[in-house]
Amino acid sequence: RLARSQISSFSARDGETVLFRARVQTSRAQGNKMVFLNLRQRSDSVQALVSATPEKISKQMIKWTAGLADESIVLVQGVVRKSPEPIKSASVQDVEVHVSQVHLVSGIDGRLPFTLDDASRPDTDEVVLDADGKPLQFNRVLLETRLNNRVLDLRTPTNQAVFKLQSVIGDLFRQFLGSNGFTEIHSPKLQGAATESGASVFKVSYFKGNAFLAQSPQLAKQMAIAADFERVYEIGPVFRAEDSNTHRHLTEFMGLDLEMAIEEHYHEVMELLDSLFLSIFHGLRDNYSNEIEIIGKQFPADEFKWREGPEGTLKLNFRQAIDMLVEDGVPRETLDDINTENEKRLGRLVKAKYDTDYFIIDKFPMELRPFYTMPDPEDPTLSNSYDFFMRGEEILSGAQRIHDPVLLAEKMRSKGVDPESMKPYLDAFRLGCTPHGGGGIGLERVLMLFLKLNNIRRASLFPRDPKRLDP
Ligand code: ATP
Ligand code: AMO
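At position 81 of the sequence shown (counting the first as 1) the number is 126 in the UniProt record's numbering, and the numbers step up by one without a gap.
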């Protein structure tokens, strides 16, 4: 009995008999004696010939094969032969399969909403021109249509590559932190109190009192530090009742969070986070250039750039960032905070001046940060906090935390949070807690910005936003 094989191995198997399961990408009859099948396994495809001669396949069988629906799954046996014509694409094998048997494994019920060929073309609302400057004619598949039919959409080589890289980012995050003495924790997603801001919290109706979906593992990861875990991380869902639709907000996203004890200074956390990002960028660029190239065909992007070596990652403080914007003509009185538009503008200024798509801003004004943020000991109007940016958009927020329960309760009150409502959290610090800090990263944002996918929904398997709960 033949063992099943992978299309990706066929190039080296000229003359061998193979048995494999694949999807029918297209099937095209030539007269009533021959059918060309384009067969696909994930991102690899091969052409297969079903021919009345010399394989002695019946006319009835030829007709049946010609009628196979696109995207149905077949089990095929045949002999691998060198293709008569050179094949240009890297993902299409330079051999073809001369088929002796085809069996249907799983058929298609109904009509496909779009073809994978159409779904694999540049995903843009703009007119795409051909080499002669004429608009290319193809059926555009809009993001909305893709997301409504996400299972089919996810089969494109681009999406196969996008979600491979999403998984790789998680692996790289785990590997880096695991090898730096961090313990993975799993904190509850049902909470008795809001952690970030009361406005963007989902209420749960089940318990007697108030209950919410966790807006971040903030409280739990700090309490793990109070429990002497020293260094912890979590990969888990984060829920935000975001009130409007943007290209970069989801109502549920995957948080990559960490928290660690500090010896002397919050810069220790910033440096560790910086090394973490560099290991993620290297892990992607150095080992997954095929995937990045496949995705780049559908979403053309300048290669993601970062600084290394003696100069290292660019670090600006909040005041310097504001000064750059003012110098560029933004009125200072509109710059209490850096809004999305100015964030992008700053990203462009930094890219032009420092040639990097990745940078850090620290020392944000205390009033812009959550109650748990440690004030700067030298200037209490500022804070020991930082944000990290990719292509001019925030990907991480973090800070040193207040570990003194008296100061923490005072900051809660000043932000309108009733300390009584967070008593179990405050109690953790009343038991004594070492100085600590950490940060939270949005996984989908990192993926979207590294690859320039332009919309966070493309970086989420089944995205959730204010208008989407299905599929
Ligand atoms: P996060 O929610 O931490 O902190 P963020 O990127 O949303 O991550 P914010 O500080 O909340 O950062 O917001 C930065 C800017 O993004 C805001 O000034 C605002 O312009 C914009 N923004 C934030 N949330 C929304 C939203 N739900 N809808 C539209 N714009 C938003
Ligand atoms: P923050 O609220 O800034 O910080 O969130 C951390 C990171 O999560 C991502 N993010 C989002 N991604 C998708 N959709 C959203 N609606 C969304 N909101 C945020 C961003 C952001 O940088 N507790 C702190 C972290 C800490 O201090 O450790 C927090 O949650 O990439």
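Beta carbons: idealized from backbone N, C-alpha and C, even for Gly.
Because the structure is a prediction, the values reported are computed rather than measured.
Collapsing the DSSP output to three states places Phe-208 in a helix. Under the DSSP assignment, Glu-336 falls in the alpha helix (DSSP H) whose first and last residues are 334-343. Distances from the CA of Phe-247 to each of Asp-177, Arg-285, Asp-449, Ile-270 were compared; the closest alpha carbon is that of Arg-285. Taking the CA atoms as reference points, Lys-512 sits about 50 Å from Ser-96. Annotated three-state conformation of Thr-379 is helix, per DSSP.
Proximity of the beta carbon of Asp-302 to the ligand AMO is indicated: a heavy atom of the ligand is located closer than 7 Å. In chain order, Gln-122 place their CB closer than 6 Å to the CB of Gln-146, counting only its own chain and leaving out the 5 sequence neighbours on each side. The alpha-carbon separation between Gly-328 and Leu-217 amounts to approximately 7 Å. If you check the CB distance, Val-91 and Gln-138 come in under 8 Å. Between the alpha carbons of Phe-507 and Ala-93 lies a gap of roughly 33 Å. According to the DSSP assignment, Met-106 belongs to the alpha helix (DSSP H) that extends over 104-111. In this structure, Arg-503 lies near Val-207, with their beta-carbon atoms less than 8 Å apart. Ranked by Cα distance from Arg-166, the options Tyr-278, Pro-345, Ala-444, His-312 are led by Pro-345. According to the DSSP secondary-structure assignment, Arg-73 is paired through a beta bridge with Phe-81.
For the ligand AMO, a non-hydrogen atom lies closer than 7 Å to the CB of Gly-443. Note on geometry: alpha-carbon atoms of Ala-256 and Arg-414 lie some 24 Å from one another. Distance from the CA atom of Leu-113 to the CA atom of Asp-59, rounded to whole angstroms, is 26 Å. Apart from sequence neighbours up to five positions away, the residues of its chain that approach Pro-262 with a beta-carbon distance below 6 Å are Ser-232, Glu-279, Asp-302, ordered along the chain. Excluding five sequence positions before and after Leu-161, the CB atoms of its chain that fall closer than 7 Å to its own CB belong to Gln-70, Arg-200, Thr-201, given in chain order.
Contact annotation: the region 427-447 touches the region 483-497, with at least three C-beta pairs closer than 8 Å. Judged by the Cβ position, Gln-70 fails to qualify as a neighbour of the ligand AMO at the 7 Å threshold, every heavy atom of the ligand being at least this far.
Cβ neighbours of His-148 within its own chain (closer than 7 Å, five residues either side excluded): Val-119, Leu-120.
Look at Arg-285: its beta carbon is less than 7 Å from one of the heavy atoms in the ligand AMO.
The three-state secondary structure of His-231, taken from DSSP, is coil.
For Val-491, the enclosing alpha helix (DSSP H) stretches over residues 488-496. Val-150 is not a Cβ neighbour of Val-140, given a cutoff of 8 Å. Contact annotation, Pro-480 with His-448: C-beta distance approximately 6 Å; criterion of less than 8 Å satisfied. Within the model, the alpha-carbon separation for Asp-331 versus Ser-505 is close to 23 Å.
In chain order, Phe-227, Thr-228, Glu-229, Ile-230, Lys-266, Ala-269, Ile-270, Leu-303, Glu-304, Met-305 place their CB closer than 8 Å to the CB of Val-277, counting only its own chain and leaving out the 5 sequence neighbours on each side. The beta-carbon distance between Thr-418 and Arg-446, rounded to whole angstroms, is 7 Å. This is short enough to meet the 8 Å contact definition. Ranking Glu-412, Phe-363, Leu-210 by CA distance to the CA of Phe-404 puts Phe-363 first. Cβ-Cβ distances below 8 Å link Arg-509 to Leu-295, Thr-296, Glu-297 in the same chain, with the five nearest sequence neighbours on each side left out; the list follows chain order.
Cβ-Cβ distances below 8 Å link Thr-401 to Lys-350, Trp-351, Arg-352, Thr-358, Leu-359, Val-395 in the same chain, with the five nearest sequence neighbours on each side left out; the list follows chain order.
The ligand AMO has no heavy atom closer than 7 Å to the beta-carbon of Gln-211. Remark: the shortest separation between the CB of Gly-357 and any heavy atom of the ligand AMO does not fall under 7 Å. When the beta-carbon positions are compared, Arg-68 and Arg-85 come within less than 8 Å of each other.
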